[in-house]
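K.L.:
Below you will find the structure I want to go over with you.
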Amino acid sequence: MNPFVQALQQGVPLSLYLLLSAVLFALGVVGFLIKRNLITVFMSIELMLNAVNLSFVTFAHQWHAVKGQIFVFFVMMVAAAEAAVGLAIIIAVFRARATLAVDRIDLMKL
Amino acid sequence: MTILQFFLWSLIKVIVVTVVMLLSVAYTVLLERKLVGRIQNRWGPSRVGPFGLLQPLVDGAKSFLKEDIIPSGVYRPLYLLAPIIALSCALISIAVVPFGAPSVTGPGNFVFFQISDVNIGLLVILGITSIGVYGIALAGWSSNNKYSLLGSLRSSAQLISYELALGLSLVGVVLRAGSLNLREIVESQSRHGIVTWNLFGGFQFVAFFIYLMAAYAETNRSPFDLPEAESELTAGYHTEYSSMKFAMFFMAEYANMITVGCVATMLFLGGWTSPFGNLIPMPQNIFFQALLPIFWFVLKVLSFLFLYVWVRGTLPRFRYDQLMNFGWVYLMPLAILNILATSLWLAYK
Amino acid sequence: MHLIVFLVFAAFCLTGAVNLLLQTHPINSALSLIVVMTSLAVLYLLLGAEFLAAAQVIVYAGAIMVLFTFVVMLLNAGREERTRGSRSAMGVGFPAVVVLLALTTTVVLHIQGLGATAMQEGITSTQELSQVLFTKLLLPFEVTSVLILIAILGAVTLARPADAEKTVSK
Chain A
64 MNPFVQALQQ GVPLSLYLLL SAVLFALGVV GFLIKRNLIT VFMSIELMLN AVNLSFVTFA
124 HQWHAVKGQI FVFFVMMVAA AEAAVGLAII IAVFRARATL AVDRIDLMKL
Chain B
4 MTILQFFLWS LIKVIVVTVV MLLSVAYTVL LERKLVGRIQ NRWGPSRVGP FGLLQPLVDG
64 AKSFLKEDII PSGVYRPLYL LAPIIALSCA LISIAVVPFG APSVTGPGNF VFFQISDVNI
124 GLLVILGITS IGVYGIALAG WSSNNKYSLL GSLRSSAQLI SYELALGLSL VGVVLRAGSL
184 NLREIVESQS RHGIVTWNLF GGFQFVAFFI YLMAAYAETN RSPFDLPEAE SELTAGYHTE
244 YSSMKFAMFF MAEYANMITV GCVATMLFLG GWTSPFGNLI PMPQNIFFQA LLPIFWFVLK
304 VLSFLFLYVW VRGTLPRFRY DQLMNFGWVY LMPLAILNIL ATSLWLAYK
Chain C
1124 MHLIVFLVFA AFCLTGAVNL LLQTHPINSA LSLIVVMTSL AVLYLLLGAE FLAAAQVIVY
1184 AGAIMVLFTF VVMLLNAGRE ERTRGSRSAM GVGFPAVVVL LALTTTVVLH IQGLGATAMQ
1244 EGITSTQELS QVLFTKLLLP FEVTSVLILI AILGAVTLAR PADAEKTVSK
């Protein structure tokens, strides 16, 4: 029997979680590449981090390894620190250029 | 018990708790008005019904019938969403609160007096409090009004600052109980009645004090009610709201008060356990066994609410910079010192 | 039952993520991201990570996104526009992402022995988590707290207005 159908009868196949994580990551990359507002680009980065967290928790569940979940905890802490500093940088950029459009902040020259 | 039966019984529990909660919110408003009136040497509302007991119903009817004005420059989706977020977050956190003794169970170990007994109950309450900040932040921004924006920014900054002190003050209790499960935290205080409550026997009086002040700031109540002070900010973040949406913010504030009171009684005052402990033997009648813990719980929450209203009627309000200074420079380090002291005490016990 | 809950919340996640891309105003994108994060918290609960679900709501949805919302509200930069840069980015971005997604999906579907998860099994209690965190991984934990301290200092320094130094030095 197809292992996917077999897993489906026991509960939710873990590959579905991994697929969801891959799709969320891909959507985060799309956002990073096509959005023109600096804050939205930053939010896409957070989306990518969350997708990776989901992968970690899925594998931690598969191998019953608590270290996977602890790594997620660390990723959350680092993301919090990075968000704080990143947003402070965005505020500083806004003060200097008075715009948040990525197309107008792409040169060092004012 | 099948899943469908479980869902139906849980739905009944949810409906009962929500109705009781909304009625309590309405009558807490009346309690406050009467008490503040008596503190100020006047009667509170006393004309409508005996002792003014029909006042909340009349106020509710008035709110429904008022004209609902939506200014033209507001950002509509968020303007309509903000009071919904505020009220739902205020009402959701009551789902993990245990009201009565868990020893009285239904068929198939069905718990009567708690909607959901999760292992991380305390963190659920903290998380929902964190989400409640959005109601206020979005309300102020979407109103397209400078006073609203200022009021909501000040209020949000106040809320996220005091969330820290709130969470840290609860860590001492968690250390003593060894669990984040609210039922287990209450049961760890129930051995000898009032002596083993976390406030007295658990030496958490500093934590209770910190929690009290952080709770006043979290619910935007005096003496921390600058964001809604009329003389300062023309009603702050709910300036542009009228009738039902304003009533939702109002209800959210009082529902938050009740939730915070419930959390304080569970963590510091022993929850549903009686202060006499084992001195008075439990009556054999199952009906009394179910009702007596609820009676103690309600009594403790009422005393906490009384304290809330008493402080509101007595103390003047903080200025904004004093408020932020107090939260970051005094309350947070004090909470951390409390954690340190509690863990040292528990390590050497 | 488990499958239904998973599908509902996975649908919320995907809707939120797609909405983040489709909206032009950053505040709408921020709210969609909050939806994604809370749905992910429910998915963590389904995978038995209850402490992480609570941490996701408290830290990510309740603190980090509040920061984002504040910055959007304060800077008030307004809606995005279509520019030449955005059209060329879309031309490169979409194919690149399709390739990336195809690669990861192929890898995921070829993993052997993944198994399934059911409702009753494997809830990791907070006690198990903390037993590993505070004994074997204590050093990274302490390093993270220093990192957050550095981030606070950095954020405060960067976000301060430039003329504040003159008033402070007096």
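Protein chains in written order, with our numbering: chain A, 64 to 173; chain B, 4 to 352; chain C, 1124 to 1293. By construction, the Cβ of each residue, glycine as well, lies at the ideal position given by its N, Cα and C atoms. Since the structure is predicted, the reported quantities are computational estimates derived from the model, not experimental observations.
(1) Report the neighbours of Phe-1174(C) on chain B: residues whose CB is nearer than 7 Å to its CB, in chain order.
(2) Would Ser-1152(C) count as contacting chain B if we go by Cβ distances under 9 Å?
(3) Where Ile-1163(C) and Val-104(A) are concerned, what is the direct C-alpha to C-alpha distance, given to the nearest angstrom?
(4) Return the Cβ separation of Pro-226(B) and Tyr-240(B) in integer angstroms, given the expectation that the two are a contact with Cβ distance under 8 Å.
(5) Return helix, strand or coil for Pro-284(B), following the three-state DSSP convention.
(6) For Ile-168(A), is the beta carbon positioned less than 8 Å from some heavy atom of the ligand SAH?
(7) Can you find the residues in the same chain that come closer than 7 Å, C-beta to C-beta, to Ser-1292(C), ignoring five residues on each side of it along the sequence?
(8) Quick one: is Leu-1261(C) near chain A, going by C-beta distance under 9 Å?
(9) Compare the Cα-Cα distances from Leu-167(B) to each of Val-1158(C), Glu-1173(C), Leu-1144(C) and Ala-1186(C) and report the closest residue.
(10) Does the distance from the C-beta atom of Ala-93(B) to that of Gly-135(B) stay below 9 Å?
(11) Given a cut-off of 9 Å, decide if Ile-163(B) and Ala-89(B) are closer than it, judged by their beta-carbon atoms.
(12) Does the stretch 81–89 of chain A come close enough to the stretch 145–157 of chain A to have 3 or more Cβ pairs within less than 8 Å?
(13) Quick check: the Cα distance between Ala-180(B) and Glu-187(B), rounded to an integer number of angstroms?
(14) If we count the other Cβ atoms within 10 Å of its Cβ and call it buried at 16 or more, is Met-1124(C) buried or exposed?
(15) Tell me where the alpha helix (DSSP H) around Asn-1151(C) begins and ends.
(16) Quick check: the Cα distance between Gly-1277(C) and Val-1158(C), rounded to an integer number of angstroms?
(17) Which residues of chain C have a Cβ atom closer than 7 Å to the Cβ of Trp-144(B), listed in chain order?
(18) Shorter than 9 Å from the beta carbon of Thr-1227(C) to some beta carbon of chain A?
(19) Over the uninterrupted alpha helix (DSSP H) stretch that includes Phe-292(B), give me the two end residues.
(20) Is the beta carbon of Asn-259(B) closer than 9 Å to that of Ala-222(B)?
(21) Once DSSP output is grouped into helix, strand and coil, what is the label at Pro-76(A)?
(22) Find the residues of chain B that neighbour Met-1317(C), judging by a C-beta separation of less than 9 Å, and give them in chain order.
(23) Please check the pair Ile-95(B) and Ile-131(B), which I expect to be a contact at CB under 8 Å, by giving their CB distance rounded to whole angstroms.
(24) Could you give the C-beta distance for Val-138(A) and Val-115(A), rounded to a whole number, given that I count them as a contact under 8 Å?
(25) Quick check: what's the CA-CA separation for Ser-119(B) versus Val-266(B)?
(26) If you compare alpha carbons, which of Ile-1150(C), Ala-1153(C), Leu-1226(C) and Gly-1171(C) is closest to Gly-1245(C)?
(27) Could you tell me the boundaries of the alpha helix (DSSP H) in which Glu-402(B) lies?
(28) Within this structure, are the beta carbons of Pro-101(B) and Met-285(B) separated by less than 9 Å?
(29) DSSP state of Val-121(B), grouped into three classes?
(30) Assuming Val-12(B) contacts Phe-113(B) under a Cβ cut-off of 8 Å, what Cβ separation, rounded to an integer in Å, is found between them?
(31) Could you name the residues of chain C that Gly-130(B) contacts, counting a contact when the two beta carbons are closer than 7 Å?
(32) Between Phe-67(A) and the rest of its own chain, which residues show a CB-CB distance below 8 Å, the 5 nearest in sequence each way excluded?
(33) Tell me whether the beta-carbon of Tyr-78(B) lies closer than 9 Å to the beta-carbon of Val-1189(C).
(34) Helix, strand or coil, according to DSSP, for Val-100(A) in the structure here?
(35) Give me the residue from Ser-118(A), His-127(A) and Met-140(A) with the minimum Cα distance to Thr-1227(C).
(36) Note down the Cα distance separating Val-141(A) from Val-1182(C), rounded to an integer number of angstroms.
P.N.:
By the coordinates alone:
(1) Neighbours of Phe-1174(C) on chain B, chain order: Ile-123.
(2) Closer than 9 Å: no.
(3) A small correction: the amino acid at residue 1163(C) is Leu; Ile does not occupy that position in the sequence shown. Straight-line Cα distance between these residues: approximately 20 Å.
(4) Contact between Pro-226(B) and Tyr-240(B) does not hold, since the beta-carbon distance rounds to 19 Å and is not under 8 Å.
(5) Coil, per DSSP.
(6) The ligand SAH is not part of the structure shown, which contains no ligands of any sort.
(7) At Ser-1292(C), the pLDDT of 47 sits below 50, so the modelled position is not reliable and the matter cannot be decided from this model.
(8) No, no contact with chain A.
(9) Cα-wise, what sits closest to Leu-167(B) is Ala-1186(C).
(10) Yes. Within cutoff.
(11) No; because the gap between Cβ atoms is not below 9 Å, this pair is not in contact.
(12) Counting C-beta pairs closer than 8 Å gives fewer than three between the stretch 81–89 of chain A and the stretch 145–157 of chain A, which falls short of the contact rule.
(13) Roughly 7 Å between the two C-alpha positions.
(14) Counting of Cβ neighbours within 10 angstroms places Met-1124(C) among the exposed residues, the total staying below 16.
(15) For Asn-1151(C), the enclosing alpha helix (DSSP H) stretches over residues 1149–1169.
(16) Straight-line measurement puts the Cα of Val-1158(C) at about 29 Å from the Cα of Gly-1277(C).
(17) Per Cβ cutoff of 7 Å: Met-1196.
(18) At least one chain A Cβ lies under 9 Å of Thr-1227(C).
(19) Phe is not the amino acid found at residue 292(B); the sequence shown has Gln there. Its alpha helix (DSSP H) spans residues 289–317.
(20) Checking the sequence shown, residue 222(B) turns out to be Thr, not Ala. Taking 9 Å as the Cβ cut-off, Thr-222(B) and Asn-259(B) qualify as a contacting pair.
(21) Strand.
(22) Absent from the model: residue 1317(C). The displayed extent of chain C is 1124 to 1293, so no value can be given.
(23) At roughly 6 Å, the Cβ-Cβ gap stays under 8 Å, so Ile-95(B) and Ile-131(B) are in contact.
(24) Taking a contact as a CB-CB distance under 8 Å, the pair Val-138(A) and Val-115(A) counts as one, their CB atoms being some 7 Å apart.
(25) In this structure, the straight-line span from the alpha carbon of Ser-119(B) to that of Val-266(B) is close to 15 Å.
(26) Checked all of Ile-1150(C), Ala-1153(C), Leu-1226(C) and Gly-1171(C); the closest Cα to Gly-1245(C) is Gly-1171(C).
(27) Limits of chain B in this structure are 4 at one end and 352 at the other, which puts residue 402(B) out of reach.
(28) Contact: no.
(29) Here Val-121(B) sits in coil by DSSP.
(30) The residue asked about is misnamed: residue 12(B) is Trp in this sequence, not Val. Between Phe-113(B) and Trp-12(B) the Cβ distance is about 6 Å, and since that is below 8 Å, they are a contact.
(31) Going along chain C in sequence order, the residues near Gly-130(B) (Cβ under 7 Å) are Ala-1177, Val-1180, Ile-1181 and Gly-1185.
(32) Only Pro-76 and Ser-78 meet the Cβ criterion.
(33) Cβ distance not < 9 Å, so Tyr-78(B) and Val-1189(C) don't count as in contact.
(34) The sequence as given places Asn at residue 100(A); Val does not occur at that position. DSSP places Asn-100(A) in strand when its eight states are reduced to three.
(35) Taking the Cα of Thr-1227(C) as reference, the smallest distance to any Cα among Ser-118(A), His-127(A) and Met-140(A) is reached at Ser-118(A).
(36) The straight-line gap from Cα to Cα measures roughly 11 Å.
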